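Peer 1:
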Amino acid sequence: MRTNKLASVLETLEMQTLYDTGVGRVMGGFAVAEMFNRDADYIDIELKWGITNDAGSEVHTEQYKLPTPCLDHRPATEIIQDLMDA
Numbered sequence: 592m593r594t595n596k597l598a599s600v601l602e603t604l605e606m607q608t609l610y611d612t613g614v615g616r617v618m619g620g621f622a623v624a625e626m627f628n629r630d631a632d633y634i635d636i637e638l639k640w641g642i643t644n645d646a647g648s649e650v651h652t653e654q655y656k657l658p659t660p661c662l663d664h665r666p667a668t669e670i671i672q673d674l675m676d677a
């Protein structure tokens with residue numbers, strides 16, 4: 592269950608980033624969220640987003656700490672909102 596929920600959270604973070612930053616409307620725009628560490632208390636997430644095209648690339652990297660227990664109790668959209676507001 593948690594694996595599916597984490598996948599949903601990562602996908603929601605990517606989609607929200609594409610929308611919020613506007614890179615989803617630009618050719619070569621991207622957003623990729625990946626888990627890079629996990630323990631009983633937190634999941635560490637790295638988000639890379641930006642634009643890559645023939646003219647060059649601009650990549651931004653952000654890191655978030657997601658409390659592991661919230662995966663059991665909250666929808667992905669609420670989790671992402673809290674991460675981005677922090």
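Going from the sequence shown to the numbering used here is simple: count from 1 and add 591. Idealized CB from N, CA, C, for every residue including glycine. Note that the structure is a prediction, hence the values are computed from the model and not measured.
Please state the DSSP three-state secondary structure of residue 675.
Peer 2: Residue 675 sits at position 84 when you count from the first residue of the sequence shown. It is helical.
Peer 1: Mind checking residue 605: buried by the 16 CB within 10 Å criterion, or exposed?
Peer 2: By 1-based counting over the sequence shown, the position of residue 605 is 14. With 16 or more Cβ atoms within 10 Å of its Cβ, residue 605 is classed as buried.
Peer 1: So if DSSP puts residue 658 in a beta bridge, which residue, or which two residues, is it bridged to?
Peer 2: Here the question's residue 658 lines up with position 67 in the sequence shown. Bridge partners of residue 658: 633.
Peer 1: Below 8 Å on the Cβ atoms is my guess for residue 608 versus residue 638; work out the distance and round it to an integer in Å.
Peer 2: On the sequence shown, residue 608 is found 17 positions in, with the first residue counted as 1. On the sequence shown, residue 638 is found 47 positions in, with the first residue counted as 1. Their Cβ separation, rounded to whole angstroms, is 6 Å, which keeps residue 608 and residue 638 in contact under 8 Å.
Peer 1: Excluding the 5 residues flanking residue 592 on each side, which residues of the same chain have their C-beta closer than 7 Å to its C-beta?
Peer 2: Within the sequence shown, numbered from 1, the residue matching residue 592 stands at position 1. Below a pLDDT of 50, predicted positions are generally treated as unreliable, and residue 592, at 49, falls in that range; no measurement from the model is reported.
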